[in-house]
Amino acid sequence: MNNHLADLPAWAAAIAALLLLAGAGLTLIGTVGLLRFGSFYQRVHAPTLGSTLGIGCILLASMLVFSVLESRAILHELLITALMVVTTPITLMLLARAALYRDRSEGSDEVPPPPSSPDARPPEPAE
Amino acid sequence: MRGLMRRLLPYPLMTATLLAVWLLLNESVAPGTVILGGVLSLAAAATLGVLDLPGGRFRRPAVALSLLGLVLVDILRSNWAVAKIILRPDGGGRVSGFLRIPLDLRAPYGLATLACIVTATPGTVWVAYDRRRNTILLHILDLVDEQEWIDTIKGRYETRLMELFE
Chain R
153 MNNHLADLPA
163 WAAAIAALLL
173 LAGAGLTLIG
183 TVGLLRFGSF
193 YQRVHAPTLG
203 STLGIGCILL
213 ASMLVFSVLE
223 SRAILHELLI
233 TALMVVTTPI
243 TLMLLARAAL
253 YRDRSEGSDE
263 VPPPPSSPDA
273 RPPEPAE
Chain E
3 MRGLMRRLLP
13 YPLMTATLLA
23 VWLLLNESVA
33 PGTVILGGVL
43 SLAAAATLGV
53 LDLPGGRFRR
63 PAVALSLLGL
73 VLVDILRSNW
83 AVAKIILRPD
93 GGGRVSGFLR
103 IPLDLRAPYG
113 LATLACIVTA
123 TPGTVWVAYD
133 RRRNTILLHI
143 LDLVDEQEWI
153 DTIKGRYETR
163 LMELFE
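Each protein sequence line maps, in turn, to chains R and E. One rule links them: number in the numbering used here = place in the first sequence (from 1) + 152. One rule links them: number in the numbering used here = place in the second sequence (from 1) + 2.
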């Protein structure tokens with residue numbers, strides 16, 4: 153199985169290598185963003201580079217390599233893509249809503265007030 | 003006859019999807035695989051009935067394909083845009099913030115799909131959905147032009163999702 157990879161034609165190896173580099177590079181950039189951004193809500197954007205196009209490139213490389221090696225279409229990776237797309241919103245929303253709840257209960261000015269309680273606004277200062 | 007079909011096959015689209023997933027996982031369309039996958043997906047779809055899922059419908063696969071194409075292009079573009087923002091040395095004059103968008107879409111599966119799209123495009127995060135006013139609260143990394151984002155969500159995605167699910 154290991155020597156199998158030596159059978160990979162050069163063109164496929166080159167394309168797969170480029171895709172892997174692009175995917176890893178995007179994931180790295182996303183991680184740098186996680187370090188550089190200031191607030192929670194900005195930080196949550198950065199790793200999505202890795203979870204969208206980053207993983208997409210890596211899965212494309214995987215599909216290409218195994219399809220060429222086995223001379224038939226290998227499409228497992230589409231399942232990983234679909235499951236990623238369907239499940240990441242759940243964790244992201246959970247994190248974002250938890251942060252929003254925390255910030256609202258601390259009375260932070262950075263976040264908008266809940267829309268369904270217009271009369272919960274702080275009272276106007278008396279004259 | 004219709005009643006029997008409905009009891010045996012309460013979620014035809016879901017059953018077909020599960021079977022397709024099974025066949026993909028096994029990478030085979032041998033009769034044994036198809037039969038076992040068919041039985042498993044029928045059983046899985048039957049247990050879904052217990053969950054009392056919201057009803058919904060799905061139409062116009064052609065629109066779904068064009069939406070998929072649009073979203074793929076947007077994923078490429080927004081990855082590039084967010085990567086540029088991260089790599090810019092000073093973070094140059096960028097404003098990020100919350101944006102509340104009123105929606106016309108109410109179909110539950112349409113909203114779920116919109117959440118997947120918003121999450122899959124870097125630079126936008128779905129924060130909260132207000133069911134009573136039917137608005138969503140997004141956080142946007144590069145909020146220079148609010149109207150442009152509203153047009154993207156409503157014009158590019160919402161109209162198509164309403165065609166698909168309502």
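Virtual Cβ for every residue (Gly too), placed ideally from N, Cα, C.
- Per DSSP, T137/E is one residue of the beta strand (DSSP E) stretching across 137-142.
- Contact residues of the stretch 50-77 of chain E toward chain R are I77 (C-beta to C-beta distance below 7 Å).
- Neighbours of I138/E across chain R, judged by C-beta separation under 8 Å, do not exist; the nearest C-beta is about 10 Å away.
- The beta-carbon distance between P124/E and H228/R, rounded to whole angstroms, is 25 Å. This is too long to meet the 8 Å contact definition.
- Listed in chain order, the beta strand (DSSP E) elements of length 3 or more contained wholly in the stretch 63-117 of chain E are 99-104.
- Nearest C-alpha to Q194/R among V120/E, T35/E, T126/E, F60/E: T126/E.
- With respect to chain R, the C-beta atom of P124/E has a partner C-beta closer than 7 Å.
- According to the DSSP assignment, T126/E belongs to no alpha helix (DSSP H) but to the beta strand (DSSP E) extending over 126-132.
- With contacts defined as CB atoms closer than 7 Å, L70/E and L116/E fail to qualify as a contacting pair.
- Contact residues of the stretch 164-186 of chain R toward chain E are L178, I181, V184, G185 (C-beta to C-beta distance below 7 Å).
- Secondary structure note for E168/E: it is in no alpha helix (DSSP H), with a DSSP letter that is neither H nor E.
- Under the Cβ distance rule, W128/E counts among the residues neighbouring chain R, one pair being separated by less than 7 Å.
- A straight-line Cα-Cα distance of about 27 Å links G40/E and A64/E.
- Around the beta carbon of Y253/R, a 10 Å sphere encloses fewer than 16 other beta carbons of the protein chains shown; the residue is thus reported as exposed.
- If the five residues before and after L171/R are omitted, its C-beta is found closer than 6 Å to the C-beta atoms of C209, L212, A213, all from its own chain and listed in chain order.
- From the beta-carbon of A248/R, the residues of chain E found nearer than 8 Å are V127, W128, V129, A130, H141.
- Interface flag for L157/R against chain E is unset, since no Cβ pair is found closer than 7 Å.
- Around the beta carbon of S223/R, fewer than 16 other beta carbons sit within 10 angstroms, so the residue counts as exposed.
- When secondary structure is reduced to three states using DSSP, I167/R falls in the helix class.
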